[in-house]
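Engineer:
Numbering (the working numbering), first residue to last: 18 to 395.
1) Evaluate the contact criterion for the region 154-164 versus the region 130-137: three or more CB pairs, one atom per stretch, below 8 Å.
2) Considering just the uninterrupted stretch of the alpha helix (DSSP H) at residue 126, what are its terminal residues?
3) Hey, would you say residue 154 sits closer than 8 Å to residue 218, going by beta carbons?
4) My guess is that residue 303 and residue 353 are in contact by the Cβ rule of under 8 Å, so how many angstroms apart are they, rounded?
5) Tell me which residue opens and which closes the beta strand (DSSP E) that residue 101 is part of.
6) Are the beta-carbon atoms belonging to residue 26 and residue 67 less than 8 Å from one another?
7) Residue 331 and residue 372 look like a contact to me (Cβ under 8 Å); what is the Cβ gap, rounded to whole Å?
8) Which residues mark the beginning and the end of the beta strand (DSSP E) in which residue 78 is found?
9) Can you look up residue 343 in the DSSP assignment and give me helix, strand or coil?
10) Within a Cβ cutoff of 6 Å, which residues of the same chain sit near residue 29, ignoring the five residues on either side of it in sequence?
11) Is the closest heavy atom of the ligand NAP to the C-beta of residue 258 under 7 Å?
12) By the 10 Å Cβ neighbour count, where 16 or more other Cβ atoms means buried, how is residue 230 classified, buried or exposed?
13) Can you tell me where the beta strand (DSSP E) with residue 56 in it begins and where it stops?
14) Which whole-angstrom value is the C-beta distance of residue 351 and residue 312, which I expect to be below 8 Å?
15) Can you say whether residue 347 is buried or exposed, counting buried as having 16 or more other CB atoms within 10 angstroms of its CB?
16) Ignore the nearest five residues each way along the sequence and tell me which others in residue 55's own chain have a CB closer than 7 Å to its CB.
17) Consult DSSP for residue 365 and reduce its assignment to one of helix, strand or coil.
18) In whole angstroms, what is the alpha-carbon distance linking residue 142 and residue 42?
19) Let me make sure I understand the geometry here. Which of 112, 144 and 137 has the alpha-carbon closest to that of residue 123?
20) Using DSSP bridges, identify the partner residues of residue 158.
21) So, with DSSP's three-state summary, where would you put residue 291?
22) Compute the Euclidean distance between the alpha carbons of residue 243 and residue 363, then round it to the nearest angstrom.
23) Tell me whether the beta-carbon of residue 268 lies closer than 8 Å to the beta-carbon of residue 295.
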C-alpha cells in the first residue's frame with residue numbers, strides 16, 4: 018500500500034527480504050514479519066527492475082527509464098556503482114554466481130556487464146530479433162538455467178585411473194600437450210552446458226542463449242506477448258519453462274532432460290533448435306483475458322501440499338516416486354488481480370498410481386515407482 022503506482026518487479030534475498038520496484042520512482046525493502054517497508058530508495062525516474070546480489074544481500078541493482086543500472090548498498094542507502102545504457106532498461110538480473118549482470122533494453126538488446134566486487138564493466142551485448150526484422154522488440158524478462166543437475170551424474174562418476182607413464186613417456190612434450198588440450202576441452206563442454214540464459218521479448222519468442230559464446234541454442238514460440246512485461250520462468254529442475262499470455266492461456270514447454278538432452282553444440286549464426294511443441298491451458302476468463310504472471314511452486318511445497326491434502330492418508334512421503342514435482346503446481350495471476358493455483362494432472366496421477374489400490378506407497382503395481390523399488394518386489 019506504500020507504493021503510489023504499479024509494482025513491476027520484485028526480488029527475494031537468500032535471507033528472506035523482499036525488494037519491490039515501482040513506476041512511482043521508488044524501490045522499497047520489506048520483510049514478511051513487518052507490516053511496513055524497512056527502507057525507501059528514491060530514483061529520478063520509473064523503476065522497471067530490481068535484483069538482489071546472489072551472494073551479498075547488502076547489495077542490489079535497479080534499472081529503469083533513466084537508462085542507468087545502479088548498484089545500491091542497503092546498509093547506508095547509497096549508490097555505490099552505476100553504468101549508463103544506450104536505451105531504457107526494461108529488465109536486469111545478476112547471474113547466479115554474481116560475476117555478471119544482464120540488462121535487457123526496450124530496443125531488444127541485452128547488455129552484459131562483468132562484476133568485480135561491486136564494480137560494473139561493460140562486457141558485450143547481443144540483439145534479440147527475428148531474421149526478417151531489422152530491429153528487436155522490448156526485452157521483458159531474463160532467467161538463468163541451472164543445468165548442473167543434468168551433468169552431476171557424469172561429473173560425480175568415478176573416473177578410471179590413467180596408466181602411469183614411464184619415465185620416457187613423461188619426457189614426451191607431445192603427450193603432455195595432448196593431456197592439457199583434452200582437459201581444457203572437457204571444461205569447455207561442461208561450461209557450455211551450465212551457462213545459459215533465457216530471454217523473453219515482445220515478439221512472442223523465448224530465446225535460450227549460451228553465455229560461453231552468446232549464440233542462440235533454442236527458440237521457443239507458442240504464447241502471445243506483443244506488448245506486456247511477461248517473464249518466462251524455469252521450473253526448479255530446469256526441465257520446464259512457463260509463461261503467461263495475452264490470450265488468457267498459460268503456456269508450458271518441456272526443455273532438456275536426460276532422455277531428451279539439450280543439443281548445446283547447435284550454436285552459431287542461424288544454427289539453433291526451434292521448439293514449436295508446447296502444452297497450454299486456460300488460466301483466466303477475466304476482461305481483458307491476460308495472464309500477467311505464471312510460475313511453478315517449489316517441489317518441497319508441492320509435496321507438502323499433496324501429503325497434507327488428506328487424499329492419500331496412508332502416504333508418509335513421496336521420495337520414492339519417479340516424478341518431477343517441481344512442475345506439479347502452477348501459480349498464476351491475471352489482470353484483475355486474481356491468484357489461482359493449478360495442479361497438473363500428470364503429477365496427480367503419479368501420486369495415485371504410486372499409492373496403489375490400497376494406498377500402499379511401496380505398491381509393485383505403480384508404474385511411477387523407482388526402478389530399485391520394482392526390483393525389490395518379485
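By construction, the Cβ of each residue, glycine as well, lies at the ideal position given by its N, Cα and C atoms.
Structural biologist: Judging by the given coordinates:
1) no
2) Careful: residue 126 lies outside any alpha helix (DSSP H), inside the beta strand (DSSP E) at 126-133.
3) yes
4) Their Cβ separation, rounded to whole angstroms, is 4 Å, which keeps residue 303 and residue 353 in contact under 8 Å.
5) 95-101
6) yes
7) 7 Å
8) Taken as a continuous stretch (DSSP letters only), the beta strand (DSSP E) holding residue 78 covers 76-81.
9) helix
10) Around residue 29, the same chain offers 35 as residues with beta carbons nearer than 6 Å, after the five sequence neighbours per side are excluded.
11) Although the ligand NAP was asked about, the structure shown includes no ligands whatsoever.
12) exposed
13) 56-59
14) Wrong, their Cβ atoms sit about 14 Å apart, outside the cutoff.
15) That one is buried.
16) Beyond the five residues adjoining it in sequence on each side, residue 55 comes within less than 7 Å, by CB distance, of 46, 47 and 48 in the same chain, given in chain order.
17) DSSP places residue 365 in helix when its eight states are reduced to three.
18) 27 Å
19) Selected option, being the one with the closest Cα: 144.
20) 217
21) Correct three-state label for residue 291: strand.
22) 31 Å
23) yes
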